[in-house]
Each structure stands twice: as C-alpha cells, then as structure tokens.
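Here is the structure we will look at, set down as structure tokens.
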Amino acid sequence: MLFTQKQFLLVFIIVSFLGSAQKSEIYTSDLKDFQKALTLYNNKQYNAAQSLFEDVKNSANDEVLKSDCSYYIANCAVRLNQHNADDLILEFVEEYPTSPKRNTAFLDVADYYFENSKYAYARKWYDKVDELSIAWAERERFYFNYGYSLYATDSATQATRYLNRVVNSKEYGSQAKYYIGYMAYEGDDYDKANSYFDQVSDNEKYKEKLSYYQADLNFKLGKFEKAIELALGQLEKSNKDEKSELSKIIGESYFNLEQYAEAIPYLKDYKGKRGKWSNTDYYQLGYAYYKQNDFESAVSEFNKIIDGANGVAQNAYYHLGESYINLDKKQEALNAFRNASQMDYDLKIKEDAWLNYAKISYEIGNPYQSVPQVLSGFLDEYPKTNYREDIENLLIDSYITSKNYKEALELLKGKNSFENKVAYQKVAYLRGIELYNESKYSEALDLFTSSLKEPRDSKFVAKATFWRAETAYNLTNYNDALIGFKQFYGMDEASSLPENQNLNYNLAYTYFKLKDYNKASDYFQRFLNNNNTDRLRRNDAFLRLGDSHFVSSEYQSAINAYDKAIQINEIETDYAAFQKAMSYGYLGNSNTKNKELRSFIEGYPKSALRDDAMYELANSYIKSNETDRAMQMYDRLNSEYKQGAFTSKALLRQGLVYYNANNNESALKKFKEVAKDFPGSGEAVQAVATARLIYIDLGRVDDYANWVRGLGYVEVTDVELDNTMYSAAEKPYLDGDTDKAIQQFNKYINQFPNGIHALTSHFYLAQLYFKKDLYENARPHYEYVVGTSKSEFSEQALVRLCEIYLTNSNWSEAIPILKRLEQEADYPQNVIYAASNLMNAYYQTEDYNAAERYAEKVLDNSKLDNKVKSDAKIIIARSAIKTGNEDKAKLAYADVEKIATGEVAAEALYFNAFFKNKEGKYKASNTIIQQLAKNYSSYKYYSAKGLVVMAKNFYALGDAFQATYILESVISNFPEFNDVVEDATNNLNKIKAEEAKTNSSIESDGN
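Residues in the sequence shown are numbered from 1 upward in steps of one, following full-length UniProt numbering.
Shown next, in the form of structure tokens:
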C-alpha cells in the first residue's frame, strides 16, 4: 500500500506522539517508585529502600534520578553497616562528581556515624566536607560535630579550633566551652580549663561533672583549700568511682597542706586506678603515718613501693629506713638506706642514707659487701663530711669486727697510718687463725709472719708468735716450732693469754718430735704438774711421757707413766698396757712381762696391738725355753691374723725353731709357706736362705734349685752385691742427702727389681719423693709397697697413697685404698683417718647412704676432736639433704653449728635459717641470717643463699620492699653463683607478678 506525503506525515506524527507518551509513562513510574523508596528510607527501612533504589536506578534513563538513587543506595549501606558502604559513597562521588548531593553525601554519612558515637568514622567523612558549601543554618552543627569528633579522636588542637567557632552559639556554646575546658584540663592548661569551666558552671547539665574537675583543677593549681571545699561538697553525691577520686584529691590536698592526720582517712579511701595504687600513692600515705610517728603503719605502706626509680621512691626508702630504725629493725633499715643511697635524685638524701647505711653495717654486719668496704666507700664519696672522724674510727675498728679478714687485708694495703698498721697486725693474725682452722698451714704461716712484721700491739705479737710456732709444728718444721714456742715463753704477755695454758705440752711434743726425749720428758712432766683438769690431754701426756722414758731406757719410769695413762682410761689404754708389758721385759722381768701380755691378749680383743702382743709373748717363751707354749702362740697368731703384719715373722720364727731342733722337714714346710704367701718380703728372702742350708745338709741341692727358680727370687750368689748396692742407697738416706738417696735407690731397684731389699727401697724412695712434694713420683712406689704382702711399711704406705689420691680428688682410686687402711691399720688414728675420708669420698661420688654410714661410724668413736666431729656431722647433714631426709639433716646441722668454725659454720647457720623458714618461723630465721652476715660475711655463697631465704621471710611477713630489694641485690651482687641467682630470679618474678595485681608502678614478667 502506498502512502501519500500527507498520509506519511500524519503517520509520523501519530507514531512520535505514541513514543513520547510511552516515555513519559515510564518516567512517571520511576518517580513513583523513587518516592516510595524515599518513604521507606525515611522510615529507616533501609534494606527495602536500598533494594527499591537499585531497581529504580537500573530502569531509569534520567541521570539525575540515577544519581539520586546511587546516593541513597550508599546511604542505606552505611546505615546497614554493610562492608562496602564506604566504597559505595566514594563510587557515587566519582560517578557523579557534579552532583549537588556530593557534599551532602559526606555530611550525611559523617552525621550518621557521629549520632551513633562512631567518632573516628565521623571524623573521616567530616574531613571530606566542603564547609563553604554548607548552608549557614547547618554550619554550627557541622563545627560542633566535627570539633567533637576531633576531640574524641585525640586531636585536641584541631578540635579546639572548630569548637571555638561555636562558643557563642546558643545551641552549642555551653557544650563547646565544656569540651574546650576539658581538653585544656587534660593538657595541663589549668588556668584555661578553669576559665572555660567557670563559664558553664551554672549549667545544670555540667554542674555535677564539673565539681570533680574543678576540685582537681584547684588541686593542680595549688589551691588546696578550694580543692578540699569543692571535693567535700561533691563527695556524698558521688558514685563509688567518683568518691575514690575525690577522696584522693582531698587526701593529697591535706597532705600538701601538711595536715597529715586529716589526710590519712581520705588517702586510705582512695581505691586506685583500675583497682591499683601507684608507688606515689603508697608514699603519701606512708609519709603521713611517718609524720604522725605511726611507724608501723608507715612501714606497711612504704614497703609496698617496688621498682621505684624516681625522687619519690628515694624519699620513701629513706623514710622507710628511719621508720625501721624507730622500730629497732636494723636489718630492714640497712636495706632501705642502701637503696636510697644508690639513687641520685636528691643528693642530700643520698648522703644521709649512705651515712646511715654505713653506721648500721658497722653495727650488724653487711651481707652484700664488707663493712670496711662500705665505710671506706662513704669516705671516698664524701671526703669533706662532718662525720669523717667518726667514720674513720669505725673503719679502723671494722677491720676486726667485720670478720671478713681476707677482704680487710686487701683494703688495708697501702694504708700507712699508725692506726691502720695496728689494724693490719690484728687482721693478718686473725686471717691466719682462719686459715689454720681450715688446715691451710702454709698460707696461715705467711699471715702470722706478716702480722709479726707490724709489731704494734704486744698482745698480738705474742699470739702470732705462738700460732706461727704451732703452724710450723703442723708443717713438721719442728726446729722452727721450738724457736717460736720458746720466744712465746719468754714474752711478758704470754702468762695472761690462753695459749700459755698448754705451752709446756706444746714444747714437750716438739722436743719429742725432735727426738730430744730427756727434754720432752721434762716438759710433759711440767705440764702434768700444772694441769689437773684436761683429762684427755693429761692422758696423752702420760702416754708420751712413758714413750720418752721408754726410748731413753728408763723403763720403770715408763711403767709408772703408762700406769697413770691406764688409770685415766680416756685414749689408747691398750697401747699403754702393751708398752707397760714390754717395759717389764726390758727390765728383765720376763714373768711379769708374759703375765701382762697374756692379760692384754684376753683383755683387749679388738686392739690393733693384739697381734703384736701374741708375737712378743711367743718370742718371750722362746727366750725362756718354753718352746711348746711359743709354738702354740705362733699358731694362734697365724690362725687369727692370717694376713697380719706379724704372720710372716711368726712363720719364719717357727721355721727357725724347727731348724734349730734339727726338724728339717717341718722347718722347710714353714719356710716354703713364708716364701709362697709373702713373696718379696724380708722374711721370705731369709726363709729361702735358711732353706738353702737345709737342702745342702740334706744333699738335695737340685730340689732347692728347682724350688727357687719357681719363686723368681734373686739368686743367692747375688746376695752380696744386692746388700752392697742397698747400703750405697741407705747411707745417703740416713745422712739426709735426699737427692743422692733418690738416685741410689732408683739404681738399686733397676738392678734388683725383686731384690732382698726391694720392699724397703720402694718405701724409702716413695717417702723421699713425698717429702719433696713429688707426689706422682712417689705414687708407684707406694703402690708397690701396698701391693705386696703386709709388712711394717704397709700402713704408712696406705696412708700416704690415700693422701695422694685425695689431694687430686681421685675418689674412685682412693676408696679401695681407704677401705684397706680401715681394715688393716694398727693405729686407731689411721682407722679414724680412713673412715673420715671414706665418708667424704662416698659423698663426692654421690653414694650418700655409704657416706652417712661412714660418718656415723666415725662418730661412734668418743675420742674425736671437734674438727673431725664437725666433718662427720656435715657429711650426714649434706647427705640427708641430697636424699630428701630433711628431718635428719636438721638435727645434724644443729649439731654442726655447736662445734664448727669457718665455712662449715656458715653452712650450718644457713640451714638453720632455711629450716626455720620452712617451719614458718620467719623472724627467727631472719635473726639467724643476720648472725650469718655479721660473723661469716667472707663466705659469700652462704651469705647469698641466706639472703634469698631472708627475702622469702620478709615477703611472708608482708614486707614486699625488703623481699624484692634483697632479691634484686642478690642478682646484681652475686653473679658468680648461678644456682643462687636462678633461685632469686624465680622468687623475684613470682613476687612482682603478685604485687603487680595491686601496684600499677610494678613492671612484672609474670610467672
């Protein structure tokens, strides 16, 4: 169908009209939906609104409508806390940069966050707002909201700038002034704060809040009376937290007005920040109590100040020290003053604290450093002090009273005043006594000699002279000892000194060791004439008097002396009885001798001399031609002492008896038994030589040759050369030519390793090396002696070999030798020596049960000196500690404490304190540790361990300052003792973790 032009135009018009009408209808529909979505938005139905806005945006062609929809979609996202809300806002701004809603979008979002107290988010969007695009009517709200958001996000300077723009606003002015004032208050601009607070003080909305701040402001401005007035007015209206803060303001204000009695109740009512007080809080209450002379309460507050490192803490520790002094608690005061003296915040307090610390150290001792060190340290620091003369006098005296003589000697070096030289003389002497008691004789000798080089005080000259002689005696320098004892004897002061009491006894023993038996007898008798009380020493003196007479062939006098020793019956009664019997023999009274020996054998069944008595009795029977009785006694000896020192001799004697009676076969049997069971001994060599004669008489030389070849002894043809070479070695030995004797004995042993005199040569050579302190050279020769059958040298060789092993702490090799010595020794003192060293060796090898067993065995001997008793008790105590038997350890340490000296005494005191701590006797424990610090400060290990126990005591007694200060001091002062530092650190961490719960000033690692 063809249209005309007119018809075509009409159709176009109709079509165009229809299209336009359709578009208008769609737009109208979008507007309707947009309006519906807006209604939902205004009714806070953000989910539904957001969905409808999205539909409108997707269907709309109008850019303005799309822009508005994007704006509201983003706004809904904000209000719905959708995670992409901020992105939607930014997308809206980027997509529609010319939208009139751009600034409104920022402002609306910011206002939304502000109204919901999300000030950081609000600030972020207020930052984007163009304030010039905001209508004048809306600007005040913008300035306030933005200013408050800045305030809430800690931007006080910017906040103040915006809030200042509305200070005159009718709606926002009061709020702005309040917050500007508050920011000034927090920024310590109290005048400004006060000015702003005054402008809103009549506003009911702020009146209640301002009461606290104004009270605090006045306090901080130093207007304490006004602060008290305002705080008291508000106190009853306040809640619990506010009441605590107001109480603090009132209490501190009274404190600053020096009205301490009024301050105390308010300071006590303060509950702290988040339930914790600071060191300053404790200081103020403590000082208030201190000013009221309530020292107990002052201490209870001051001692809660831990980790203090400022002027307040220094002041507190100083006044804590004074409070302790007023309570007569000097140990506690020592720590407080020491702490204050180590701080530099107030130099006057530092000096006064150091002075007090020095004086108290002198009075009670010091566990951290020596008293002389403290006193001299004060003088070095304050050379112009008004107390110089007093402290110098204390210093000189402290060298003696501190008892830390080792360190005192170091401090005295180079000090040349008369007083210091007098002090040096005494301290050197006292240090010498310490070393002597520790058996360090060579070192002690040097100190006594040093003391005598400063002969200022005649009393100490005399004492040092005596003890130098005594030390020389212990070093076997008997000639030096004799000279010293005689010098002492001739001194005027000697008669008044306790050392003089037993001087004759000392001289007697020295002469005895020098083999001047006549003078030894004379001095033993002098001692006995003048001493009637010391039974043990009298007993010993009678024994040695008897020995002196015996050696001098004065046998009746010897018998008389031995009789007196037997009557006293304290020590070595068996020895006296044996020597008495022998003396009768030398007087030619064989019957009495034999009677005494028979009585001895039956009367002393456990005596180490019993086999000696049997041997002597048998020999005596031989001399009186009672051969049968002799042979019976020899047989008894051989039966009861199969490996005894006299067994080989008894067998040889029996062989000789048979030989002299022409009973050759019986003689050979005995000689062969000696040669087999005691190879290499002198008796064995003699037995072989006599057997040779028998074989020759019997014409059985071949039998003899075969027998001897099997034994491995020297050929009889070499005997003359053997004896000659041995004599060449023995002569320089007897003449005292040590080096030549060593050379000759070595030559003999190399030539005749199994010679007649091999045993004797090895023993003498060992003795020579030992005398020259060549212990490793001596050792193999002593080992040779103890490796052969028992002889006259066995016991002494065992003792020396033990000494060598023990000196080198070679416990595993020492133990079997000590056990042999214990079993084989004839001398009681060697049995005690073996047992006492076995207890120590077993302890060192951690066999604590064996150590205890031997210690108790040692203590079974009632004739022990205190040193041996102390050693045994300490082994029992230490072993009990190691095995967890604290009850046993406690009893043993208590016994040790009664008799010990030096480091062992320090150890016993420490454990006394340790056990009292465990029993909850904290004050008693501390008293003992103070004694340890005063009398045994040179034994640093136990001083340090004692301090850790003291810290535990103080914490249990509620004194956290003392506890933490002591532990920190241990950690810094005793780094060389790892175990003690570790213990101190663990305890310190526990205490700080506990105290940090109530003290905000404490930094705790928290355990």
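Just so you know, even glycine gets a beta-carbon here, dropped at the ideal spot from N, CA and C.
- At the C-beta level, Gly644 and Leu637 come within 9 Å of one another.
- Excluding sequence positions up to five before and after Thr157, its CB lies less than 8 Å from no other CB in the same chain.
- Beta-bridge analysis with DSSP links Asn999 to Trp277.
- Uninterrupted beta strand (DSSP E) stretches at least 3 residues long and entirely within the stretch 395-472 do not occur.
- Residues of the same chain with a CB within less than 6 Å of the CB of Tyr46, apart from the 5 flanking positions on each side, are Cys76, Arg79, Leu80 in chain order.
- For Tyr489, the enclosing alpha helix (DSSP H) stretches over residues 478-489.
- When the five nearest sequence neighbours on each side are left out, the beta carbons in the same chain lying within less than 6 Å of the beta carbon of Ala924 are those of Lys916, in order along the chain.
- Taking all protein chains shown into account, Ile391 has 16 or more neighbouring C-beta atoms within 10 Å of its C-beta and is therefore buried.
- A contact is defined here as three or more CB-CB pairs under 8 Å, and the stretch 724-733 meets this definition with respect to the stretch 748-757.
- The beta carbon of Lys128 sits closer than 7 Å to the beta carbons of Phe106 from its chain, once the five residues preceding and following it are set aside; these are given in chain order.
- In this model, Ala137 and Asp30 are separated by some 33 Å (Cα to Cα).
- Residue environment: Thr39 is assigned as exposed (fewer than 16 neighbouring CB atoms within 10 Å of its CB, all protein chains considered).
- Contact between the stretch 539-558 and the stretch 847-857 is absent: fewer than three C-beta pairs spanning the two stretches fall below 8 Å.
- Phe418 counts as exposed, since fewer than 16 other C-beta atoms from the protein chains shown sit within 10 angstroms of its C-beta.
- Per DSSP, Asp346 is not a residue of any alpha helix (DSSP H), being assigned neither H nor E.
- For Ala684, the enclosing alpha helix (DSSP H) has its first and last residue at 682-698.
- When rounded, the separation of the alpha-carbon atoms in Asp773 and Gly377 is 43 Å.
- Relative to Asn529, the option among Tyr517, Leu503, Ser553 whose CA is nearest is Leu503.
- At a Cβ-Cβ threshold of 9 Å, Ile400 and Gln930 do not count as neighbours.
- Cβ contact annotation for Leu587 (same chain, cutoff 6 Å, sequence separation greater than five): Tyr555, in chain order.
- Within its own chain, the residues whose Cβ lies closer than 6 Å to the Cβ of Glu570, once the five positions on either side in sequence are excluded, are Arg535, Leu536, Asn539, listed in chain order.
- Secondary structure of Glu976 (DSSP, three-state): coil.
- DSSP, reduced to helix, strand and coil, places Asp127 outside both helices and strands of the structure shown, so it counts as coil.
- Ser812 counts as exposed, since fewer than 16 other C-beta atoms from the protein chains shown sit within 10 angstroms of its C-beta.
- Look at Lys771 here: in three-state DSSP terms it is helix.
- Within the stretch 360-387, the complete alpha helix (DSSP H) segments at least 4 residues long are 371-381, listed from N- to C-terminus.
- Non-local C-beta neighbours of Ile817 in its own chain, meaning closer than 8 Å and more than five positions away in sequence, comprise Val786, Leu798, Leu801, Cys802, Tyr805, ordered along the chain.
- Just measuring C-alpha positions, the residue of Ala288, Arg878, Thr153, Asn279 sitting nearest Tyr254 is Ala288.
- With contacts defined by Cβ atoms closer than 9 Å, Ser370 and Ser938 form a contacting pair.
- In the three-state scheme derived from DSSP, where H, G and I count as helix and E and B as strand, Ile73 is classed as helix.
- Check the Cα spacing between Gly187 and each of Asp635, Ser155, Tyr695: the tightest is with Ser155.
- Between Asn335 and Ile875, the CB-CB gap reaches or exceeds 9 Å.
- Straight-line spacing of the CA atoms in Tyr151 and Thr160 works out to 8 Å.
- Going by C-alpha positions, Tyr162 is about 7 Å away from Phe144.
- Residues Tyr441 of the same chain have their beta carbon placed closer than 6 Å to that of Asn474, with the five preceding and five following residues left out of the count.
- DSSP places Pro816 inside the alpha helix (DSSP H), whose first and last residues are 811-824.
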